[in-house]
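Data first, discussion second: the structure below is written as structure tokens.
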Amino acid sequence: MSKFVYFFGKDVTDGKGSMKDLLGGKGSGLAEMANLGVPVPPGFTITTEVCVLYLKDQIYSEEVLKQIEEAIDKLETLNNKKLGDPKDPLLVSVRSGARVSMPGMMDTVLNLGLTDKSVIGLANKVNDERFAYDCYRRFISMFGDVVLGIDSDKFESLIEDKKKELKVESDTDLDAKALKELAERFKGVIKLEKGFEFPQDPKVQLQMAINAVFESWNNPRAITYRKLNEIDDSWGTAVNVQTMVYGNRGNTSGTGVAFTRNPSTGEKKFFGEYLINAQGEDVVAGIRTPDYIDTLGNKIPDAYKQLVDICQRLESHFRDMQDIEFTIQEGNLYMLQTRTGKRTAAAAVKIATDMVAEGLIDKETAVTRVKAEHIDLLLHPRIDPKAKLEVIARGLPASPGAAVGKVVFTAEDAEGMAEIGEKTILVRTETSPEDIGGMAAAQGVLTVRGGMTSHAAVVGRGMGKPCVVGCGEISIDTKSNIFMVNGHTIKEHDYITIDGSAGSVIIGKVDLIDAEINDDLKQILVWADNIRTLGVRTNADNPADAGLARELGAEGIGLCRTEHMFFGEDRIPAVREMIMAEDEKSRKKALKRLLPMQKEDFLGIFRSMEGLPVTIRLLDPPLHEFLPDKEELDTKLRELETSGDCGKIDEVKKVIQRVISLKELNPMLGHRGCRLGITYPEIYDMQVRAIMEAACELANEGMQIVPEIMIPLVGLVKELSVTREEVCKMAETVMAEKGVRIDYKVGTMIELPRAAIIADKIAQEADFFSFGTNDLTQTTFGFSRDDVSKFVPIYQKAGILEHDPFAVLDQEGVGEIMKIGIEKGRSTKPDLKMGICGEHGGEPKSIHFAHQIGLDYVSCSPYRVPIARLVAAQSTIEMRNAK
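Just so you know, we're using the numbering used here here: the sequence shown kicks off at 10 and counts up by one.
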């Protein structure tokens, strides 16, 4: 027979702390405290299994009802009181308790069991009519709100009216007569709103309250909270029915919430708030202003000393910071809850390192206590939690951190404003590689279109710039230099704030908090490095990013995108000259101009990564991306025709013709990657020469340089063999010229499903594989990664997709293709080195998956390197514990 109800209390506790999945966090905590001999009012927990069954069928089995009835009998016997007894009633609280803490998201009912008759018995028993009717009016209003769904304002307004009538300020100033009148009025509200009388049978009250708490698992705020915190909808909540104790019995009574350490800073100091002569809801609801916990010792000293002792015991027992609730009834302390306390990012890191120093936990446990999002927050400026703000729109949280600046609509304006010291937010319909200067100059980027792997997102993350993309609510009017959203009109140079961690757009200036890279975080990452087996590299295209990534712990570069080097003001003319060339000779002339510039880039990057591998991807994007937008060219042509500048008119017309000739219906599947290198081998020849000349020169200076040349978008073995042969020929030529031998490698990106399927053959020509998961996701799903923001959010809301597959690696489809590629590639070369260089390399779930399928490393943007180091260690611990 299944057990659905677990009792807790002195000498009669069924459950224990390890039963969170079944009893929820609150129920398992109560059971464990009871087992430890901590004073806990007795009660029982109805399991999460019952919640799941009830929400499915809206009924309880006979066995569940029988076990609830037996638990009530046991509770009545233990207390020597009965529910509804007109002389000495048993009152209970009914509280939720999910296996993962969801503070304030689900419902609670206090003082259950009071009726018109039993309230009189309670008043006589305790010789305090005011206390009894204070409990009754609280219960009726809470029952009306939580169980019957009546707006709580309908009850609160009656309280306010009564206080005005009696000319008093606080609820505690209302006398017994006033509270008795309020109880009657509250019952009248229920009759008026629901058409039936407030129930006078405590068993009916209890069953209705249990139903309501179970149903609160699916209230809107709980659903939203679960979505934000990735909590499984199928878990359900437990319900805890517990004997009431009263903090509202006068000045020797009170109630409070506390933490065994400061949840904001992590400081090892008892932290919390309490109210004298109050019930728990008064503290959390903000009805009265609470006092700091350390002043409780002056008011109820014995109970305070006992509370501090118990909290120290609980923290030592659970080996983590505890969030506790307590009530003091006429000097006697009762513990109502203990659970792992929620904390800020800074506190999480400090508490983890402090507890290792105190001998409470080991280093592996400390590493598991810090979350990826904690590091993300600590490495980027963020919005001050005390700040008041008005969110006017939401997009995709493409690159974390927060930024404040004046709105500009062009990259040129962002650069111009930066030159005079003005901070800006670059607002674009979508960014292009030509916007790179403006993106670098701006504090952050906001786009109307684009997904999590759009140009703005990828470049923003690489630069460590806050970025919000795919904010489709925004409408930009470029002629008037304004954007409109949800009734707001934002003009050029108006201030806005963006939060790239939350995807929000905020009107005006908001106070920010600077990044905090402290010694505690460094220590956690050192421990993580000693644990992990998965390598961590970075995606970096310039010496500054490479140097930053190395400081943050990168073990090399997994992806250097050479095309990003082509967009500097000094080199874009040569790139366009190369594209406009009508024959090979003209192309080579332009490329000769680019060679020293590209070589200088590699010299800087190699120096930054001396002794570490640097994977350089040869030119990948289609050529049209390096030319101006056709609409811009058409506008320029009309202006020139108006002015009559014939010389420039012909030049612009020629560029337009070239743009038209290069136009492709689907450029992401078109003439790019190795296809470009095979069509125009002189482009790759120039790049390989630049790479090898830089490597040879630095080797002559005594540096160890480890170049890895990566050929993109291979789908046919012959594509790789032909291109590899050209690469090696140029490399050998340069080394012969320089008189230096460099140990270089030539590999490929696996970013097409066909490449993964024939990976055993491709491996014959490759020294390494790097999974380009952005394009592999695009070509597996048939999704355009720049357009998914139009429908993926709808898919997620409808439950068709759990995550944006460009943000979180699709393990079921894309992941299976990767497994095929790994298995087949290593069937040819067992030691073939493999990694991920797509944006998934910095996403925690994807990093876990990379570890599970046996990749050698992940590569991510510099600011995500510490996250990858942490998550890689957590993956090692998780897999070791699973064995």
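We put the CB at the ideal spot given by N, CA and C, even for glycine.
Would residue i and residue j be called neighbours here (beta carbons separated by less than 8 Å)?
i	j	result
Tyr-753	Ala-740	yes
Arg-348	Gln-331	yes
Leu-893	Val-477	The structure shown does not extend to residue 893, since the chain spans only 10 to 892, so no value can be given for it.
Ile-886	Glu-276	no
Lys-833	Ala-768	yes
Arg-108	Gly-33	yes
Thr-506	Ala-412	yes
Phe-611	Ala-524	no
Gly-469	Ser-408	yes
Ala-185	Lys-171	no
Ser-884	Gly-844	no
Gly-306	Tyr-283	no
Val-379	Ala-355	no
Ala-396	Asp-520	yes
Asp-554	Met-574	no
So what's residue i in DSSP terms, helix, strand or just coil?
i	result
Lys-597	helix
Cys-480	coil
Leu-201	helix
Lys-415	strand
Gly-295	Unreliable positioning characterises Gly-295 in this predicted model, as indicated by a pLDDT of 48, which lies under 50. The coordinate reading is nonetheless provided below. In the structure shown, Gly-295 sits in coil (DSSP, three-state: anything other than H, G, I, E or B).
Gln-214	helix
Tyr-693	helix
Val-749	coil
Thr-462	Because Thr-462 sits at a pLDDT of 49, beneath the cut-off of 50, its placement in the model cannot be relied upon, and the following sentence gives the value as read from the coordinates. Residue state, collapsed to three classes: coil.
Glu-717	strand
Leu-305	helix
Gln-346	strand
Ser-127	helix
Gln-251	strand
Ala-43	helix
Ile-392	strand
Pro-48	coil
Asn-220	helix
If you count every other CB in all the chains shown that lies within 10 Å of the CB of residue i, and 16 or more means buried, which is it?
i	result
Met-587	buried
Glu-424	buried
Phe-615	buried
Pro-211	buried
Thr-782	buried
Gly-608	For clarity, residue 608 is Lys in the given sequence; the question names Gly instead. By the 10 Å Cβ count, Lys-608 comes out buried.
Gln-666	exposed
Tyr-301	exposed
Arg-258	buried
Asn-120	buried
Met-888	exposed
Thr-571	buried
Leu-201	exposed
Glu-717	buried
Asp-592	exposed
Ala-420	buried
Gln-67	exposed
Check whether the Cβ of residue i lies closer than 7 Å to any heavy atom of the ligand GDP, and answer yes or no.
i	result
Thr-644	For the ligand GDP, the structure offers nothing, since it holds no ligand at all.
For the beta strand (DSSP E) containing residue i, name the first residue and the last one.
i	result
Val-156	Note, Val-156: premise wrong, no beta strand (DSSP E); not H, not E.
Arg-146	No beta strand (DSSP E) contains Arg-146, which is instead part of the alpha helix (DSSP H) from 138–151.
Thr-506	504–508
Glu-334	331–338
Tyr-930	Residue 930 is absent from the model: the chain starts at 10 and stops at 892.
Thr-377	Run containing Thr-377: none in the beta strand (DSSP E); it sits in the alpha helix (DSSP H), 372–378.
Arg-403	400–403
In terms of residue numbering, what span does the alpha helix (DSSP H) encompassing residue i cover?
i	result
Gly-447	445–450
Tyr-313	310–327
Val-365	354–366
For this session: Output the residue ranges of the beta strand (DSSP E) runs that lie fully inside the stretch 532–591 and measure 3 residues or longer, sorted by chain position.
Result: Segments of the beta strand (DSSP E) lying fully in the stretch 532–591: 544–548 and 566–570.
For this session: Please specify which runs of the alpha helix (DSSP H), each continuous and at least 4 residues long, are wholly inside the stretch 598–685, giving them in chain order.
Result: Runs found: 639–652 and 655–671.
For this session: Ignoring anything shorter than 3 residues or poking outside the stretch 852–882, list the beta strand (DSSP E) runs there in chain order.
Result: Counting whole runs of 3 or more residues, the stretch 852–882 contains the beta strand (DSSP E) stretches 866–869.
Problem set entry | Segments of 4+ residues assigned as alpha helix (DSSP H) that fall wholly inside the stretch 52–77 | Counting whole runs of 4 or more residues, the stretch 52–77 contains the alpha helix (DSSP H) stretches 57–66.
Problem set entry | Start-end ranges of the alpha helix (DSSP H) lying completely within the stretch 791–834, minimum 4 residues | Runs of the alpha helix (DSSP H) lying entirely within the stretch 791–834, each at least 4 residues long, are 801–806 in chain order.
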